[in-house]
Amino acid sequence: MIFETIAELIAERNECDVADIKRETLFSDLGIDSLDTVEMLMDLEDKLGAEIELDEKVTTVGELCDFIERKIG
């Protein structure tokens, strides 16, 4: 569920196909920088109904998924 939500947000923001987004996809390959990641995380907080503080560096979609799953349990 987390991955699908993140992939949908990325696809919306970057106007790309959600099927092209994989766990190993680098944010840099998608043109997403650290500010974009923080903005996306705020959108995720709204969708998931949980507050998430990004306190470690994530470089792939999968790393962000794993981070969020650890934070919200």
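Heads up: the sequence shown begins at 333 in our numbering, then just goes up one per residue. Cβ atoms here follow ideal geometry from the backbone N, Cα and C, with glycine treated the same way.
Assuming residue i contacts residue j under a Cβ cut-off of 8 Å, what Cβ separation, rounded to an integer in Å, is found between them?
i, j, result
"Cys397", "Ile334", "5 Å"
Does the beta-carbon distance from residue i to residue j come in below 7 Å?
i, j, result
"Glu383", "Glu377", "yes"
"Leu358", "Thr337", "no"
"Leu373", "Leu386", "yes"
Taking C-alpha atoms, which residue in the options lies nearest to residue i?
i, options, result
"Glu395", "Arg355, Arg345, Ala339", "Arg355"
"Ala339", "Val393, Thr369, Asp375", "Val393"
"Asp361", "Leu373, Asn346, Met374", "Asn346"
"Gly405", "Leu380, Cys348, Lys389", "Leu380"
Does residue i pass the burial test, meaning 16 or more other C-beta atoms within 10 Å, or should it be called exposed?
i, result
"Val350", "exposed"
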